[in-house]
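Undergrad:
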Ligand code: SF4
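Numbering (our numbering), first residue to last: 5 to 112.
1) When you compare only the Cα positions, how much space is there between residue 112 and residue 31?
2) Per DSSP, what kind of secondary structure is residue 85 in: helix, strand or coil?
3) So residue 40 and residue 18 are supposed to be a Cβ contact under 8 Å. How far apart are they, rounded?
4) Quick check on DSSP: helix, strand or coil for residue 57?
5) Using alpha carbons as the reference points, say which of 51, 89, 69, 61 lies closest to residue 42.
6) Check whether the Cβ of residue 95 lies closer than 7 Å to any heavy atom of the ligand SF4, and answer yes or no.
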């Protein structure tokens, strides 16, 4: 197996599963729709995504990521986003989204 940091083939960064019955599961994706992070690696970590909170049937507070495009918008961009946020992951403590992201979204 060739290490990913020496190969020129970057197919590992994403794919689009157009036959999926949920595709496209998130609206507003402009680049290649990346399905690689369908189950987001950041679900248990602090992240900059626009998640909402909900309480599941077991009473656990969870993220509702319906409005988030970050792990899906472009193979390269979403790959880079996930790698960046996994460099120093912080366990998500159940808090609402941080204000920093909301300001960033408003400024766009
Ligand atoms: S809000 Fe976005 S980045 Fe954060 S866990 Fe959900 S899908 Fe991942």
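Note that the Cβ used here is the ideal one computed from N, Cα and C, for glycine as well.
TA: Short version:
1) At residue 112, the pLDDT of 44 sits below 50, so the modelled position is not reliable and the matter cannot be decided from this model.
2) helix
3) 5 Å
4) In the three-state reduction of the DSSP assignment, residue 57 falls in the strand class.
5) Taking residue 42 as reference, the option from 51, 89, 69, 61 with the minimal CA-CA separation is 69.
6) no
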